[in-house]
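S.K.:
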Amino acid sequence: MATQGTTVTREVIWRRVMDELGFEQARVKRDQEGVGLSGVILVAEQGAPLRVDYSVVCDPAWRTRRVAVTQSWRGARQHLTLEHDGAGRWLRDGRAVEALEGCTDVDLGLSPSTNALPIGRLQLAEGATAEIRVAWVRFPSLDVTPARQGYARVGPARYRYESLDSGFNAMLDVDADGLPIEYAGIWRRLAEGPAAPEPTSERFVNALVSPGPSTELGDAAATFGWLVGGWEGTIQDHDLEGGVRQSEGEWWFHWVLEGRALQDVFIVPSRRSRGSTQVEPGANRRYGTTVRTFDRAGGTWRILWVSPTGGAINRLDGGREGDALVLRGEHRSRPIRWSFSDIGTDRFTWRGEEQDSAGQWKLQSRFDMRRIA
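Here it is as structure tokens:
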């Protein structure tokens, strides 16, 4: 195990010996703030590769508080987020799930690692038993249902696990963290050792990026939530003399700050077109970011655009107006207006306008974007 102050991190690899069709690599981290389990599961499911990336955050008493799962299977990527208040109330993707009321732990159906959660939480004495309800995540459907389970500590490092609904039971030999060493001929540990520190960049991304919007946003999340993903398209910049400069650009959106904000990265020319003949001489270059937050008191979205390449910092606010999204602000003491229009499932137009001294709106930029992710 690797120890950094009071932090202990280690990694484990299991093979699914039941059918020789899968592996899991998991990382466990323990410190004064709680316990974290994260890992990747690779299995063959119905003849197709299935990959599951997961993380489980627990408090210091091993009570499950947050679960994030990303599944890739048959060309589709799906996400699941579960939040638990530690007292039996669960949210799935921000919505309460009454069927899970009273569940104490999460059980990822493909993973041996989550058996450690009730073992660590219950701290059973040798010879003691316990019956629990868990939020059981099934793959590849990603259904989450309540399941009754039993645990009995039959030795210093041995537990009998039982599914009380199906009658299945198995012996688990575990280590000091409750992680299985041998799971009754189903999973077998291949290796374990100290975990390398997470790269600073990865830790930053994990602190910033969120799997979905916060419940605090309510219905307002839908205003800009449809933008999450990647877009590319044609960028036109209009000058005062009527000239038009054109290039290709890319635009990426994701929820951040525990889902309380939506952030983007806007890049012109796109990275794949740089250095090619597609980039016209003199074309505007942008590499900037926007953060969108919702003002619940005023019922409007507030937007901050920062462009290090152009030196611009624009503040706008607004929201939906009919079939368009319209944002207004000022730039160099002139009113500006940016709007999304012609919105479809895989396209939109983004127009930037500035008001002249006569009160007329003049087109400055037009982006015609199509979804790529």
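Using this note's numbering, count along the sequence shown one by one with no gaps and you end on 373.
Backbone N, C-alpha and C define an ideal beta-carbon position, used for all residues, glycine too.
For a test of the three-state rule: what should DSSP assign to residue 400, helix, strand or coil?
M.R.: Beyond the ends of the chain as shown, which are 1 and 373, falls residue 400; an answer cannot be given.
S.K.: Starting from residue 64, trace the beta strand (DSSP E) in both directions and tell me its first and last residue.
M.R.: Segment 64–73, the beta strand (DSSP E) holding residue 64.
S.K.: State the DSSP-derived secondary structure class of residue 284, mapped to helix, strand or coil.
M.R.: Correct three-state label for residue 284: coil.
S.K.: According to DSSP, simplified to helix, strand and coil, what is residue 150?
M.R.: DSSP places residue 150 in strand when its eight states are reduced to three.
S.K.: Could you tell me whether the stretch 261–268 touches the stretch 238–253, where touching means 3 or more Cβ pairs closer than 8 Å?
M.R.: Because the criterion of three Cβ pairs below 8 Å is met, the stretch 261–268 and the stretch 238–253 touch.
S.K.: Between residue 64 and residue 232, what straight-line distance do the alpha-carbon atoms span, to the nearest angstrom?
M.R.: Cα to Cα, the separation comes out at about 39 Å.
S.K.: Within 10 angstroms of the Cβ of residue 294, are there 16 or more other Cβ atoms? Answer buried if so, exposed if not.
M.R.: Per the 10 Å Cβ criterion, buried.
S.K.: Given that a residue counts as buried once 16 or more other Cβ atoms are within 10 Å of its Cβ, and exposed if not, what is residue 376?
M.R.: With the chain covering 1 to 373 only, the question about residue 376 has no answer from this structure.
S.K.: Name the one or two DSSP bridge partners that residue 188 has.
M.R.: For residue 188, which the question treats as bridged, DSSP gives the partners 15 and 182.
S.K.: I'd like the span of the beta strand (DSSP E) that includes residue 302, first residue to last.
M.R.: It spans 300–307 - the beta strand (DSSP E) in which residue 302 sits, taken as one unbroken run.
S.K.: Name the one or two DSSP bridge partners that residue 27 has.
M.R.: Note: residue 27 sits in a beta bridge opposite 11 and 38.
S.K.: Is the Cβ-Cβ distance between residue 348 and residue 342 less than 9 Å?
M.R.: Contact flag set, yes.
S.K.: If we ignore side chains and look at the alpha-carbon of each, how far apart do residue 186 and residue 54 end up?
M.R.: So the two alpha carbons sit approximately 20 Å from each other.
S.K.: If I follow the unbroken beta strand (DSSP E) through residue 348, where does it start and stop?
M.R.: 347–355 is the span of the beta strand (DSSP E), which, as asked, contains residue 348.
S.K.: Got a sec? Which residues, its chain only, sit under 7 Å from residue 334 by beta carbon, not counting five neighbours each side?
M.R.: 354 and 355.
S.K.: Residues in its own chain within less than 7 Å of residue 110 by CB, not counting five upstream and five downstream?
M.R.: Excluding positions up to five away in sequence, the list reads 41, 43, 52 and 139.
S.K.: Quick check: what's the CA-CA separation for residue 274 versus residue 326?
M.R.: Their Cα atoms are separated by approximately 31 Å.
S.K.: Verify whether the separation of the beta carbon atoms of residue 303 and residue 323 is less than 9 Å.
M.R.: Cβ atoms of residue 303 and residue 323: not closer than 9 Å.
S.K.: For the pair the stretch 132–146 and the stretch 179–199, tell me if three or more CB-CB distances fall below 8 Å.
M.R.: Taking 8 Å as the limit for Cβ pairs, the verdict is that the stretch 179–199 does not touch the stretch 132–146.
S.K.: Between the Cα of residue 162 and those of 143, 194, 218 and 129, spot the shortest distance and give me the residue it belongs to.
M.R.: If we check each option's Cα against that of residue 162, 129 comes out closest.
S.K.: Are the beta-carbon atoms of residue 158 and residue 174 separated by less than 9 Å?
M.R.: In contact: residue 158 and residue 174 (Cβ atoms closer than 9 Å).
S.K.: For residue 213, collect the residues of the same chain with a Cβ closer than 7 Å to its Cβ; drop the 5 residues on either side in sequence, then sort them by chain order.
M.R.: These residues qualify, in order along the chain: 94, 221, 225, 255 and 259.
S.K.: Does the distance from the CB of residue 160 to the CB of residue 147 come in under 9 Å?
M.R.: No, these two residues do not count as a Cβ contact at 9 Å.
S.K.: Residues in its own chain within less than 6 Å of residue 313 by CB, not counting five upstream and five downstream?
M.R.: Around residue 313: 306.
S.K.: In whole angstroms, what separates the C-alpha of residue 118 from that of residue 132?
M.R.: Using only the alpha carbons, I get a separation of about 8 Å.
S.K.: Which one of 271, 244 and 227 has the shortest CA to CA distance from residue 292?
M.R.: Comparing Cα-Cα distances from residue 292 to each of 271, 244 and 227, the minimum goes to 227.
S.K.: Using 8 Å for Cβ pairs, my map puts residue 269 next to residue 285. What's the rounded Cβ distance?
M.R.: Right, their Cβ atoms sit about 7 Å apart.
S.K.: What residues in its chain sit with their C-beta under 7 Å from that of residue 361, if we drop five residues either side in the sequence?
M.R.: 337, 353 and 355.
S.K.: If we ignore side chains and look at the alpha-carbon of each, how far apart do residue 277 and residue 367 end up?
M.R.: Low per-residue confidence applies at residue 277: pLDDT is 49, beneath 50, and the placement is therefore not dependable, though the value from the model is reported in the following sentence. Cα to Cα, residue 277 sits roughly 20 Å from residue 367.
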